[in-house]
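Sequence order for the protein chains is R and U.
Take the first sequence: its position 85, counted from the start at 1, is 85 in my numbering, and no numbers get skipped.
Take the second sequence: its position 243, counted from the start at 1, is 583 in my numbering, and no numbers get skipped.
Heads up, the beta-carbon is just placed ideally off N, CA and C, and yes, glycines get one too.
All figures in this text were calculated on a predicted structure; none of them were measured in a lab.
Number of protein chains: 2
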Amino acid sequence: MAKETIAGLAKRLGISKASVSYALNGQPGVSELTRRRVLDLAEELEWYPSSSARALSRSRAGAVGMVLSADPLLIGTEPYYMGLLAGIETALAEGDMALLLRMVAKDPAQERATYERWAGERKVDGVLVFDHLHDDPRPALLERLGLPFVLHGAPDTGSPPALSGTTADHGADSATIVHHLDAGGHRRIAHVSGPQTFLHEEERIRGVRECAARHGIRVEHYEADYALESGRKAMTHLITAGSAGPPTAVVFGNDLMSMGGLLALRDLGLRCPDDVAIISWDDSLHCQLASPSVTALSRNPGMQGRVAAELLLSLLDTGEVQTRSMPGSELVVRSSTSPT
Amino acid sequence: MAKETIAGLAKRLGISKASVSYALNGQPGVSELTRRRVLDLAEELEWYPSSSARALSRSRAGAVGMVLSADPLLIGTEPYYMGLLAGIETALAEGDMALLLRMVAKDPAQERATYERWAGERKVDGVLVFDHLHDDPRPALLERLGLPFVLHGAPDTGSPPALSGTTADHGADSATIVHHLDAGGHRRIAHVSGPQTFLHEEERIRGVRECAARHGIRVEHYEADYALESGRKAMTHLITAGSAGPPTAVVFGNDLMSMGGLLALRDLGLRCPDDVAIISWDDSLHCQLASPSVTALSRNPGMQGRVAAELLLSLLDTGEVQTRSMPGSELVVRSSTSPT
DNA sequence: CGTATTACCTGAACCGGTTCAGTAGTCCCA
DNA sequence: TGGGACTACTGAACCGGTTCAGGTAATACG
């Protein structure tokens with residue numbers, strides 16, 4: 001229990017520190033016999049190498065960082081993040097990396113300051129970046145800081161890729177959704193997206209617009225901010241601010257907004273799906289529990305986190321910059337688009 | 341951008357490493373002039389001290405750990421954890437501590453191994469422990485490992501407290517709930533709790549039983565496991581396995597089980613609250629969105645996390661073992677207990 | 001005026017690992 | 001028999017901070 005050190009182990013075994021180190025790290029330069037003796041002793045003493053000493057001499061922190069930059073309110077209610085986190089942690093644990101988590105209010109300056117600090121202190125070996133923005137300043141910043149990173153939801157920039165990241169086929173997702181609505185006979189739909197500063201929203205908007213055009217469906221776009229209330233407001237606006245007739249179906253950018261939309265319908269005395277159908281771009285327990293239950297695109301956040309983390313690990317390990325596309329999302333059809 | 345070191349700064353300024361270190365850490369032994377020069381240069385160069393070097397020489401990791409030990413499925417759906425995390429992170433950030441997060445399946449051996457590893461590697465300065473168990477082996481383990489910890493939901497062990505932790509007044513919470521049901525005229529209620537291995541569940545069960553007895557209310561207890569399905573099963577059992585008449589109100593140990601209960605009622609063709617009222621021991625968006633919306637005890641997980649983290653910080657800082665009781669929970673009355 | 005005190009500063013040791021250059025010893029083969 | 005190659009091992013430097021035990025020089029005191 002007294003804190004042993006490598007020097008201590010060496011003395012006990014009558015060999016040098018160097019040999020102990022080689023033995024522990026599976027490096028050549030020691031006989032099998034010596035290696036066994038070292039490993040056995042380490043186990044017997046329940047000894048582990050000091051992470052800080054190791055980090056110092058290897059100039060490697062043994063940890064990756066992740067800044068969750070969102071409204072504290074949203075963080076607490078958005079199940080997507082938890083799933084993502086779980087996936088990330090699982091992958092990192094397998095690669096023997098620790099996860100440093102930092103939550104900041106939606107404030108670019110704070111996120112930036114965190115990266116600068118982490119890079120300066122060499123506290124993390126790399127970071128996971130989420131929600132790629134239009135003209136995102138973060139890749140350039142991280143590049144300048146020399147901090148390796150993986151961009152979750154990166155643009156597909158051809159090969160070889162310019163930066164490491166995961167890509168999702170938003171066009172295919174859009175098509176899945178629009179096809180489903182088309183099959184349901186909808187001719188006037190609305191798309192309530194998150195902020196267009198997010199690159200993936202831009203792609204989704206385009207995807208929906210183009211696919212709808214091909215099917216001769218009129219689509220109205222409304223920009224909101226992922227919060228429950230903004231979904232409610234969007235729906236109210238779409239129904240009451242009568243442009244050329246209200247939509248018969250509304251696609252929401254996440255589950256919370258979908259819930260808001262549902263509430264708005266109830267307040268307006270309209271029925272879902274009979275009067276207005278609803279689709280959520282994100283599945284979660286909320287969609288299952290709502291009444292009516294909400295048709296949703298299941299994106300498997302756990303898997304996404306896992307893949308992103310694996311990319312980062314291999315980037316740190318081999319320096320290999322690569323992108324990986326997410327497995328296609330699956331549409332879970334529920335009552336909100338199935339007229340009775 | 342070239343990675344500066346303390347030696348580099350010292351050379352530039354023509355002074356010794358020691359002086360630079362003293363200046364940076366606000367320690368005596370340098371003139372105000374020198375201190376300013378050092379700080380200015382550090383800022384100009386965007387220099388930060390290497391965390392691993394600092395950790396090594398101070399023998400302090402600058403991080404605290406937290407093991408989230410739960411079903412991956414539950415972690416992803418249970419909003420309580422996210423709120424807790426957000427609170428913890430906020431407090432830690434203010435104290436300049438990093439948060440190391442580790443998620444493991446509900447497996448005591450893995451949690452134990454994580455603590456042993458962290459202690460051995462001196463990777464964290466302390467840990468946050470959640471969900472105090474009956475005969476919890478963790479305090480003794482952490483004591484043996486010499487790892488300071490704060491127990492969230494510790495028993496109130498008089499003064500001076502034996503270990504650092506937060507306490508909640510489960511008796512008062514129980515009373516709040518039972519009073520509300522009593523006022524609603526309920527005479528036969530059921531309490532669907534989480535596993536009794538959790539100390540707080542034990543206290544809740546006792547609290548509900550005793551308070552109900554004082555009011556002449558009959559209470560039936562059912563042990564479940566926090567999952568949606570178990571709530572559903574519990575409700576089904578309570579209604580159909582007719583003991584002396586089904587309850588007119590059911591208290592669920594968390595929000596997920598409450599949702600399950602609601603689903604079961606729907607399946608059984610019963611109406612809430614007219615046939616059976618529901619109260620959740622945990623508030624969340626689910627309770628607000630459900631139809632009917634569910635009366636819930638709001639426990640403010642963010643605040644709880646914050647307090648726990650602050651306790652740990654002060655324990656690490658001053659070594660002071662203390663307990664702090666959580667601000668009382670508040671009952672948010674909604675439709676599920678308000679007959680129309 | 002001599003000495004004790006203080007303020008400021010420095011060289012060197014230290015934290016606990018990794019790693020490089022170098023030293024024996026062994027084996028092999030011409 | 002001698003030398004090249006290989007294996008097993010070691011001492012010491014190094015990573016980048018912190019901290020301790022002095023050492024000046026200036027100031028205070030009797």
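Check whether the Cβ of residue i lies closer than 9 Å to any Cβ atom in chain R.
i: U:TRP621; result: no
i: U:PRO613; result: no
i: U:LYS343; result: yes
i: U:LEU653; result: no
i: U:MET599; result: yes
i: U:LEU568; result: yes
i: U:LEU487; result: no
i: U:LEU491; result: no
i: U:PRO419; result: yes
i: U:LEU603; result: yes
i: U:PRO479; result: no
I need the boundaries of the beta strand (DSSP E) containing residue i, first residue and last residue.
i: R:GLY65; result: 63-69
i: R:MET103; result: 98-104
i: R:GLY165; result: 165-167
i: U:ALA564; result: Per DSSP, U:ALA564 belongs to no beta strand (DSSP E) and is neither H nor E.
i: U:ARG400; result: Premise fails: U:ARG400 is in no beta strand (DSSP E) and is neither H nor E.
i: R:THR323; result: 323-325
i: R:GLU210; result: Segment 199-214 is the alpha helix (DSSP H) holding R:GLU210; no beta strand (DSSP E) there.
i: U:SER598; result: No beta strand (DSSP E) contains U:SER598, which is instead part of the alpha helix (DSSP H) from 595-608.
i: U:VAL469; result: 466-469
i: R:GLU4; result: Element bounds for R:GLU4: n/a, residue is neither H nor E.
Give the range of the alpha helix (DSSP H) segment to which residue i is assigned.
i: R:TYR115; result: 108-121
i: U:HIS519; result: 510-523
i: U:GLU418; result: Note, U:GLU418: premise wrong, no alpha helix (DSSP H); not H, not E.
i: R:HIS286; result: 285-289
i: U:ARG528; result: Taken as a continuous stretch (DSSP letters only), U:ARG528 belongs to no alpha helix (DSSP H), being part of the beta strand (DSSP E) at 528-533.
i: R:VAL38; result: 32-44
i: U:GLU650; result: 641-658
Which chain U residues are close to residue i, counting only those with a beta carbon under 8 Å from its beta carbon?
i: R:HIS286; result: LEU625, HIS626 and LEU629
i: R:GLU89; result: LEU441, ARG442 and MET443
If the criterion is Cβ atoms closer than 9 Å, does the pair residue i and residue j meet it?
i: U:LEU596; j: U:GLU384; result: no
i: R:ALA154; j: R:THR5; result: no
i: R:ASP267; j: R:THR248; result: no
i: R:THR166; j: R:VAL307; result: yes
i: U:MET443; j: R:LEU85; result: yes
i: U:ARG639; j: U:MET599; result: no
i: U:ASP471; j: U:VAL404; result: no
i: U:MET437; j: U:LEU653; result: yes
i: R:ILE239; j: R:LEU265; result: yes
Would you say residue i faces chain U, with C-beta separation under 9 Å as the test?
i: R:MET82; result: yes
i: R:ALA93; result: yes
i: R:SER69; result: no
i: R:LEU39; result: no
i: R:TYR115; result: no
i: R:ALA23; result: no
i: R:ALA98; result: yes
i: R:LEU256; result: yes
Along chain R, which residues have their Cβ under 7 Å away from the Cβ of residue i?
i: U:ARG646; result: Near U:ARG646 there are no residues of chain R at all, since even the closest Cβ is about 11 Å away, more than 7 Å.
i: U:TYR388; result: ARG117, GLY120 and GLU121
i: U:ALA401; result: SER52
In chain U, which residues lie with their C-beta within 7 Å of the C-beta of residue i?
i: R:LEU56; result: SER392, ALA393 and LEU396
i: R:ALA190; result: Per Cβ cutoff of 7 Å: no residues; R:ALA190 is ~21 Å from chain U at best.
Just the chain U side, please: which residues come within less than 9 Å of residue i by C-beta, in chain order?
i: R:MET235; result: Correct list: empty, because the minimum Cβ distance to chain U is about 15 Å.
Can you list the residues of chain R that residue i reaches, using a CB-CB cut of under 8 Å?
i: U:ALA347; result: Here the premise fails: no neighbours, minimum Cβ distance about 14 Å.
message = Three Cβ pairs or more, each shorter than 8 Å: is that satisfied between the segment 113-121 of chain R and the segment 135-148 of chain R?
response = yes
key: Contact the segment 180-196 of chain R vs the segment 210-224 of chain R: 3+ CB pairs below 8 Å   = yes
ask   = Are at least three pairs of beta-carbons, each pair with one atom in the segment 430-441 of chain U and one in the segment 648-658 of chain U, less than 8 Å apart?
value = yes
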